[in-house]
Amino acid sequence: MRSTKKVSILLLFLLIAGLARMPLERPLGREMRQTGILAEPLDQKTSDAIGQTSAAIALGGLRSLVASVLNFSKVVPAWQEQDWVGIFTIFEQIHTLQPQVSYYYQAAAGYAADDAYSDYRDRPGMEEWQRELRRNEFFNKGITYLDEGIENLPEDLKLREMKARMLSDTYKPEYVDYAAATEVLDEAVTLKKATDVVKRQRLYLMSRVPERRREALTLTREIYADPRSRFPSIKSQLFSLQNEFPDEKGIPLNEIYDSKGEIVRGLFNHYQRRNEGLPMAGVREELEATLDELKLPMALNPLLNTDIKRVTLMFEEIYEASPLKFPSNYSEESGNWPLVVRHFEEYGSSSLPTMRVLYYVLQNLAGLPPEERVHESRIFPDRLTAIRDLANFLFDESHDYPRNGVREQLEEQCVKAQVPDHLSPLLHPEQFPFNNEWMDSVQRWHYDQVGEAK
Numbered sequence: 000m001r002s003t004k005k006v007s008i009l010l011l012f013l014l015i016a017g018l019a020r021m022p023l024e025r026p027l028g029r030e031m032r033q034t035g036i037l038a039e040p041l042d043q044k045t046s047d048a049i050g051q052t053s054a055a056i057a058l059g060g061l062r063s064l065v066a067s068v069l070n071f072s073k074v075v076p077a078w079q080e081q082d083w084v085g086i087f088t089i090f091e092q093i094h095t096l097q098p099q100v101s102y103y104y105q106a107a108a109g110y111a112a113d114d115a116y117s118d119y120r121d122r123p124g125m126e127e128w129q130r131e132l133r134r135n136e137f138f139n140k141g142i143t144y145l146d147e148g149i150e151n152l153p154e155d156l157k158l159r160e161m162k163a164r165m166l167s168d169t170y171k172p173e174y175v176d177y178a179a180a181t182e183v184l185d186e187a188v189t190l191k192k193a194t195d196v197v198k199r200q201r202l203y204l205m206s207r208v209p210e211r212r213r214e215a216l217t218l219t220r221e222i223y224a225d226p227r228s229r230f231p232s233i234k235s236q237l238f239s240l241q242n243e244f245p246d247e248k249g250i251p252l253n254e255i256y257d258s259k260g261e262i263v264r265g266l267f268n269h270y271q272r273r274n275e276g277l278p279m280a281g282v283r284e285e286l287e288a289t290l291d292e293l294k295l296p297m298a299l300n301p302l303l304n305t306d307i308k309r310v311t312l313m314f315e316e317i318y319e320a321s322p323l324k325f326p327s328n329y330s331e332e333s334g335n336w337p338l339v340v341r342h343f344e345e346y347g348s349s350s351l352p353t354m355r356v357l358y359y360v361l362q363n364l365a366g367l368p369p370e371e372r373v374h375e376s377r378i379f380p381d382r383l384t385a386i387r388d389l390a391n392f393l394f395d396e397s398h399d400y401p402r403n404g405v406r407e408q409l410e411e412q413c414v415k416a417q418v419p420d421h422l423s424p425l426l427h428p429e430q431f432p433f434n435n436e437w438m439d440s441v442q443r444w445h446y447d448q449v450g451e452a453k
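0 is the number of the first residue of the sequence shown in numbering that gives the first Met the number 0; add one for each residue after it.
Printed below as a string of structure tokens:
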């Protein structure tokens with residue numbers, strides 16, 4: 000009897016103490032939720048959706064565990080089934096459980112704007128207007144997820160970077176908005192965790208907005224002022240933006256670039272992105288002028304050889320030595336034959352086409368016996384590539400390099416590769432230059448012949 004009375008008194012005391020603490024703890028709880036230390040309590044809908052067991056675990060303080068389980072046990076299977084509605088229903092639950100975790104907003108945005116979008120790009124059984132409607136829905140849903148994440152995590156850098164990438168994705172041209180993407184990074188660079196990479200990304204986007212290019216020029220000069228930040232893309236940006244605003248005093252070309260080889264590499268790679276909205280003032284003109292000075296054969300000229308998609312350091316080494324000289328007396332000190340040997344020894348059959356042919360020519364000039372020669376199968380990657388390289392070298396009238404043995408080797412390779420007469424470089428030299436499209440035509444002809452034989 001006495002023990003029951005004591006227990007009752009103790010319970011009454013605890014109840015009174017709890018009631019007395021409530022006015023003090025409620026403001027503290029609200030403050031902790033506002034600062035993200037505590038999460039909002041689960042609503043009934045979320046509790047029902049994740050199940051009683053998961054809800055109990057979440058109430059016990061293990062929300063991150065429940066969110067992880069949902070992510071791996073439900074999202075992945077739904078993705079495999081392309082159940083997009085199911086995926087985003089699950090992510091709504093995950094975001095309620097873990098509103099302060101950036102990864103889940105990024106993941107949801109990726110599933111929506113990339114995976115679901117791609118699924119409806121050419122899904123069969125739907126009209127194009129229906130596919131377009133769904134693509135719009137999922138792309139905008141991806142942006143919405145990122146906006147929700149930014150609202151909950153205003154200091155998060157990755158969410159803003161991802162949003163800027165999505166708004167400037169050239170693979171989804173219908174949604175490209177460089178001005179909006181730049182504004183996203185305008186906010187990002189003010190954050191404490193903003194990196195130099197983000198600042199450069201902002202510059203590249205800003206330069207695509209015509210109204211902000213003068214601002215982009217100022218920003219480019221600030222970045223260029225640090226020698227450690229003078230990346231090829233910064234140099235090409237500086238050159239093109241200066242040409243866009245000739246009223247401002249600019250840095251001379253020979254101070255931006257150390258050599259003609261670097262000019263070609265930097266400006267050509269920049270020029271290759273001309274469909275991305277980057278400033279191009281004066282780029283093509285300077286490229287043409289510099290390449291004219293170098294007097295390159297067609298195969299090494301990136302403006303003439305459409306197979307060249309990017310100029311690398313491998314090219315730059317050759318450009319630095321141009322105009323090239325290859326006297327018939329291969330031992331003459333003024334010639335560039337040692338460059339050919341060094342280049343081939345370093346790159347082998349991956350050497351530049353002209354250098355491969357020159358290495359073959361050098362062996363002929365030197366009169367090496369067969370046992371001392373590098374066999375043509377080790378000089379060229381394959382027969383069609385050998386034919387292309389040899390033909391372009393033989394019929395290119397822009398250079399006067401020695402052609403010893405080139406025609407003979409071309410004839411031999413054409414026979415071995417069974418090149419049809421209507422595609423033979425020897426019978427139709429007027430088809431010069433011979434590029435990758437020519438190689439595709441030969442392969443297609445062989446494929447058709449096999450099909451007809453069957």
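From the three backbone atoms N, C-alpha and C, an ideal C-beta is built for every residue, glycine too.
Please work out which residues of its chain come closer than 7 angstroms, Cβ to Cβ, to residue i, disregarding the five sequence neighbours upstream and downstream, and give them in chain order.
i	result
SER327	LEU364 and PRO401
SER321	LEU293, LYS294 and LEU295
LEU240	SER206, ARG212, ALA215, LEU216, THR219 and PRO278
SER167	VAL175, TYR177, ALA180 and LEU204
VAL188	VAL197, LYS198 and ARG201
VAL418	ILE386 and VAL441
Quick one: Cα of residue i to Cα of residue j, how far?
i	j	result
TYR110	GLN97	18 angstroms
LEU132	VAL100	30 angstroms
GLU221	TYR256	17 angstroms
ARG229	ASN335	31 angstroms
LEU152	ALA112	20 angstroms
ALA108	TRP128	23 angstroms
GLU345	LEU357	15 angstroms
LYS457	SER63	The shown model of the chain, from 0 to 453, leaves out residue 457, and the question about it has no answer.
PRO123	ARG164	28 angstroms
ARG134	TYR144	15 angstroms
GLU315	LEU351	11 angstroms
THR194	GLU160	11 angstroms
LYS171	LEU367	56 angstroms
GLU210	GLN236	16 angstroms
SER333	GLN408	28 angstroms
Taking C-beta to C-beta, are residue i and residue j nearer than 8 angstroms?
i	j	result
SER349	ILE378	no
GLY276	TYR318	no
TYR329	LEU286	no
ILE149	LEU156	no
SER397	MET297	yes
LEU393	ARG372	no
ARG387	PHE343	no
TYR119	ARG130	yes
GLU154	LEU190	yes
LEU69	ILE93	yes
Suppose the cutoff is 8 angstroms on Cβ atoms and the five residues either side in sequence are ignored; what does the same chain contact list for residue i look like?
i	result
GLN457	Any property of residue 457 remains undetermined from this structure, which presents the chain solely from 0 to 453.
TRP78	ILE86, TYR110 and ASP114
GLU410	LEU425
SER423	CYS413
PHE90	VAL74, TYR103, ALA106, ALA107, TYR110 and TYR144
Using CA coordinates, which residue listed in the options is at the minimum distance from residue i?
i	options	result
ASP399	GLU214, LEU323, HIS269 and ALA193	LEU323
PRO245	ALA280, ASN304 and ASP225	ALA280
TYR203	GLU182, TRP444, LEU312 and VAL68	GLU182
ILE233	GLU186, ARG199 and GLU243	ARG199
HIS445	ASP420, ASN242, GLU429 and HIS427	ASP420
Going along the chain, which residues of its own chain have a beta-carbon closer than 6 angstroms to the beta-carbon of residue i, five neighbours each way excluded?
i	result
ASN435	ASP306
PRO301	PHE267, ILE307 and VAL310
ILE262	TYR256 and THR289
GLY265	PRO231, LYS234 and SER235
Start-end ranges of the beta strand (DSSP E) lying completely within the region 341-412, minimum 3 residues:
none
Going along the chain, which unbroken runs of the alpha helix (DSSP H) with 4 or more residues stay wholly within the region 65-147?
75-79, 83-96 and 101-109
Entirely enclosed alpha helix (DSSP H) segments - the region 189-246, minimum 4 residues:
195-205, 212-223 and 231-243
Where are the alpha helix (DSSP H) runs, 4 residues long or more, that stay fully inside the region 267-328, in chain order?
282-293 and 312-320
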